[in-house]
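Student:
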Amino acid sequence: MPVRIACRNVVGALAAPAVLAVTLALGGCVTQPVPHYQASVANQMTLARLPRDARFRVTTGPDPAGIQAQVRSMRYAAPGNGSWSDYLNEAIRTELTTAGHYDANALATLDATLTDVRISDGQAELGGRFVIRRDQSIVYDKALRANAQWDTHFIGMLVAADGLNQASAIFQSLLRQLFDDPEFAAAGRRVANAEAKIQ
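Using this note's numbering, read the sequence shown as starting at 2 and increasing by one per residue.
(1) Quick check: the region 91-105 against the region 35-51, are there 3 or more CB pairs under 8 Å?
(2) Taking only the alpha-carbon atoms, compute the straight-line gap between Val59 and Gly123 and give it to the nearest angstrom.
(3) Whole angstroms are fine: how far does the CA of Arg56 sit from the CA of Gly189?
(4) Distance check for Thr114 and Asn194, CA to CA, integer angstroms please.
(5) Grab me the residues of Leu89's own chain with a C-beta within less than 7 Å of its C-beta, minus the 5 sequence neighbours each way, in chain order.
(6) Going by alpha carbons, who is nearest to Gly67 out of Ala43, Ile120, Gln39, Met75?
(7) Please tell me whether Asn144 and Leu127 are closer than 8 Å, where the distance is taken between their beta carbons.
(8) I need the straight-line Cα distance from Leu108 to Ala149, nearest angstrom please.
(9) Curious, which full-length alpha helix (DSSP H) runs of at least 4 residues does the region 28-105 contain?
(10) Spatial neighbours of Arg134 within its chain, please: C-beta separation below 6 Å, excluding the five flanking residues on both sides.
(11) Just to confirm before moving on: does the CB-CB distance between Val31 and Ala79 stay below 8 Å?
(12) Rounded to the nearest angstrom, what separates Ala229 and His37 at their Cα positions?
(13) For Gln137, which three-state DSSP category applies?
(14) Is the beta carbon of Val140 closer than 8 Å to that of Arg191?
(15) Identify whether Leu175 lies in helix, strand or coil by the three-state DSSP scheme.
(16) Tell me where the alpha helix (DSSP H) around Ala187 begins and ends.
(17) Exposed or buried, Val42, counting other C-beta atoms within 10 Å across all chains shown (16 or more means buried)?
(18) How about Met75 and Gln33: do their beta carbons lie closer than 8 Å?
Shown next, in the form of structure tokens:
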């Protein structure tokens with residue numbers, strides 16, 4: 002009897018993911034919000050090299066047209082109101098706040114506009130334009146892109162989980178492109194120097 006119970010438990014454990022995968026496949030499209038943004042260690046290490054007085058407020062534009070954020074029957078949405086641009090705003094503010102470079106009243110503005118959001122089975126692409134303004138002058142203006150690829154699975158539940166993780170990670174990658182840019186670092190120094198002169 003114990004052997005039969007153990008076997009039955011094993012079968013049940015193995016069947017659960019398959020049942021969920023079939024449910025996702027047959028139940029129509031399911032919408033899942035991505036997790037709230039978390040600052041990355043790599044981005045924090047890069048931002049730590051900026052002068053202490055390099056502080057920014059953050060603005061973002063509207064969502065781009067033609068957003069694709071679906072893996073099989075799972076559609077991904079930004080948390081809250083579902084705006085990916087607002088998610089980018091949250092991401093930048095989270096990174097800058099954690100590093101001590103965010104100030105809602107700062108004279109320098111980091112304006113970010115998403116140009117492309119594509120999350121599909123095994124790959125993700127994200128594009129954005131980043132502009133830093135100080136005293137009505139543009140000190141940084143660049144379009145950046147981040148790409149990610151990963152192995153896909155036969156089981157729909159695993160595919161959905163991978164897509165969910167990558168949907169958040171691709172935003173970390175895009176911001177790493179920004180923070181690692183030597184021209185961004187130079188703009189940060191200009192902002193810090195301007196701030197130091199008025200203190």
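Note that beta-carbon positions come from the ideal geometry of N, C-alpha and C, so glycine has one too.
Tutor: So, to answer that:
(1) yes
(2) 31 Å
(3) 8 Å
(4) 26 Å
(5) Thr61, Ala113, Leu115, Gly129, Phe172
(6) Ile120
(7) A small fix is needed here, since residue 144 is Ala in this sequence, not Asn. Against a cut-off of 8 Å, the Cβ pair of Leu127 and Ala144 comes out as no contact.
(8) 34 Å
(9) 42-48, 85-100
(10) Thr110
(11) no
(12) In this structure the chain extends from 2 to 200, so residue 229 is not present and cannot be described.
(13) coil
(14) yes
(15) helix
(16) 183-198
(17) exposed
(18) yes
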